[in-house]
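For the sequence shown, the numbering used here begins at 1409 and goes up steadily by one.
Written out below as structure tokens is the structure these notes cover.
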Amino acid sequence: MSESTRIFQLSERSILIEFNRDITKNLLYFLLNLKEDIFLNKSEHILQVTNTYNSLLVVYKFTINNFNSEKNNYFELISNVSTTDMPKSSTRKIPVCYELDFGLDLEEVSKKTGLSISEIIKRHTHPIYTVYFIGFLPGFPYLGGMDSSLFCRRKPNPRSKINSGSVGIAGSQTGIYPSSSPGGWQIIGRTPLSLFDSHKTDTPCVLSPGDSLQFESITKEEFDNLHSHPSDIKL
């Protein structure tokens, strides 16, 4: 593991631990276990630990006085981290309306993939996805597990505004916009579920790295009802 690991200081109060390995669920579980071990061993010094596909960003409460010492400590933690899978969690069902009012780019995705709209919906709702990390926007989940036949490049000219809850495809990834934002993903549907609530200071994000989810197709009428009564959404 050490041969494929780089640890370097990004700022006076942050360190990046980067792994030169293929992006897999095993690596995700390794990162999340390492993240937990860092908090257990260094909780009094650590402000935040955030994972990406293949790295951890460790932010300290105070200035790092001895980077080499910290670096050696991390290599020791890495050598002892548990490689067991994360505990299995239930699969969350995410309701999505794929009708053209919300699936703004469904027809374009259909042309680019050669699949009918109904087949796109079928292939998008079939897999069980894994949340790899949260990024880009607060609450935006980067998901692994999309059917490779749905691969579609980003739009060459991004939209100035994409509605919150919009579900999109970009390359081999699919994700959900938690808030209104500019963006270039191909939009194929929209969920009435709110993914981020800044008023919930302890757990503002509905989804977390390691979670499993599956999209569930709903009608526009069902969308409107759930959008008006979000407490009816059962995850």
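Think of the CB as a built atom: it goes at the ideal place given N, C-alpha and C, for glycine as much as any other residue.
CB of residue i within 9 Å of CB of residue j, strictly
{"i": "residue 1442", "j": "residue 1537", "result": "no"}
{"i": "residue 1512", "j": "residue 1525", "result": "no"}
{"i": "residue 1545", "j": "residue 1587", "result": "yes"}
{"i": "residue 1507", "j": "residue 1433", "result": "no"}
{"i": "residue 1601", "j": "residue 1576", "result": "no"}
{"i": "residue 1547", "j": "residue 1460", "result": "no"}
{"i": "residue 1603", "j": "residue 1549", "result": "yes"}
{"i": "residue 1480", "j": "residue 1445", "result": "no"}
{"i": "residue 1486", "j": "residue 1596", "result": "no"}
{"i": "residue 1599", "j": "residue 1505", "result": "yes"}
{"i": "residue 1618", "j": "residue 1437", "result": "yes"}
Beta-bridge pairing of residue i - partner residues as DSSP gives them
{"i": "residue 1507", "result": "Answer is none; residue 1507 lacks a bridge partner."}
{"i": "residue 1624", "result": "1503"}
{"i": "residue 1591", "result": "1567"}
{"i": "residue 1458", "result": "1465"}
{"i": "residue 1596", "result": "Looking at the DSSP assignment, residue 1596 forms no beta bridge with any residue, so it has no partner."}
{"i": "residue 1521", "result": "According to DSSP, which records beta bridges pairwise, residue 1521 is partnered with nothing at all."}
{"i": "residue 1538", "result": "1552 and 1620"}
{"i": "residue 1516", "result": "Paired residue(s): none; residue 1516 is not in a bridge."}
{"i": "residue 1604", "result": "1613"}
Delimiting residues of the alpha helix (DSSP H) encompassing residue i
{"i": "residue 1525", "result": "1525-1533"}
Range of the contiguous beta strand (DSSP E) that encloses residue i
{"i": "residue 1484", "result": "Unbroken run through residue 1484 is the alpha helix (DSSP H), 1475-1488; no beta strand (DSSP E)."}
{"i": "residue 1463", "result": "1463-1468"}
{"i": "residue 1512", "result": "Careful: residue 1512 lies outside any beta strand (DSSP E) and carries neither H nor E."}
{"i": "residue 1435", "result": "From DSSP, residue 1435 is part of no beta strand (DSSP E) but of the alpha helix (DSSP H) over 1433-1450."}
{"i": "residue 1414", "result": "1413-1419"}
{"i": "residue 1585", "result": "Per DSSP, residue 1585 belongs to no beta strand (DSSP E) and is neither H nor E."}
{"i": "residue 1427", "result": "1422-1427"}
{"i": "residue 1614", "result": "Taken as a continuous stretch (DSSP letters only), residue 1614 belongs to no beta strand (DSSP E), as it is neither H nor E."}
{"i": "residue 1557", "result": "No beta strand (DSSP E) holds residue 1557; DSSP gives it neither H nor E."}
{"i": "residue 1576", "result": "1574-1578"}
Distance cut-off 8 Å: residue i Cβ against heavy atoms of the ligand FMN
{"i": "residue 1608", "result": "What this structure holds is no ligand at all, so the ligand FMN is not there to describe."}
Does the segment 1456-1470 come close enough to the segment 1415-1424 that 3 or more CB-CB pairs lie under 8 Å? yes
At least three beta-carbon pairs within less than 8 Å, the segment 1612-1628 to the segment 1516-1536: yes
Check whether the segment 1472-1482 and the segment 1585-1599 are in contact - that is, three or more C-beta pairs closer than 8 Å. no
Across the segment 1574-1583 and the segment 1607-1614, are there enough close Cβ pairs to call them in contact, namely three or more that are closer than 8 Å? no
With a threshold of 8 Å, are at least 3 pairs of Cβ atoms found where one atom belongs to the segment 1553-1561 and the other to the segment 1516-1523? yes
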